[in-house]
Amino acid sequence: MLISLAWLKELVPVAAPASEIGRRLTARGLTVDAVSAHGDDTVFDLDVPANRPDALGHLGVAREVGAAFGLPLTARPPAPTG
Numbered sequence: 011m012l013i014s015l016a017w018l019k020e021l022v023p024v025a026a027p028a029s030e031i032g033r034r035l036t037a038r039g040l041t042v043d044a045v046s047a048h049g050d051d052t053v054f055d056l057d058v059p060a061n062r063p064d065a066l067g068h069l070g071v072a073r074e075v076g077a078a079f080g081l082p083l084t085a086r087p088p089a090p091t092g
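Residue numbers (the working numbering): 11 to 92.
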């Protein structure tokens, strides 16, 4: 699964380099298979195990990054409903 570092940083205020984020995600069971540059962004290629459906999107991975670094999630404004 591909995860954008720019999107992660919108959800959790992490300032660590991509290599450290990848190392900590791998240590927590979300194996980082590759880290690549795409324009101005960095993209993680994650191997999400079957028992971690909570990490099948940017919000779940952001929660994991926040837990790994002791950082809170950034509040996002609700989407319009009407």
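We treat Cβ as the ideally placed atom computed from N, Cα and C, and that holds for glycine.
No experiment lies behind these values; they were computed from the predicted model shown.
Asked, Found
"L18 - DSSP class collapsed to helix/strand/coil", "helix"
"Burial state of A25, where buried means 16 or more other Cβ atoms lie within 10 Å", "exposed"
"Status (buried if at least 16 other CB within 10 Å, exposed otherwise) for L78", "It should be pointed out that residue 78 corresponds to Ala in this sequence rather than to Leu. By the 10 Å Cβ count, A78 comes out buried."
"Backbone CA spacing between T36 and G76 [nearest angstrom]", "14 Å"
"Classification of G52 by the beta-carbon crowding that lies within 10 angstroms, buried from 16 upward", "The residue asked about is misnamed: residue 52 is Thr in this sequence, not Gly. It counts as buried."
"Cβ pair L83, R73 closer than 9 Å", "yes"
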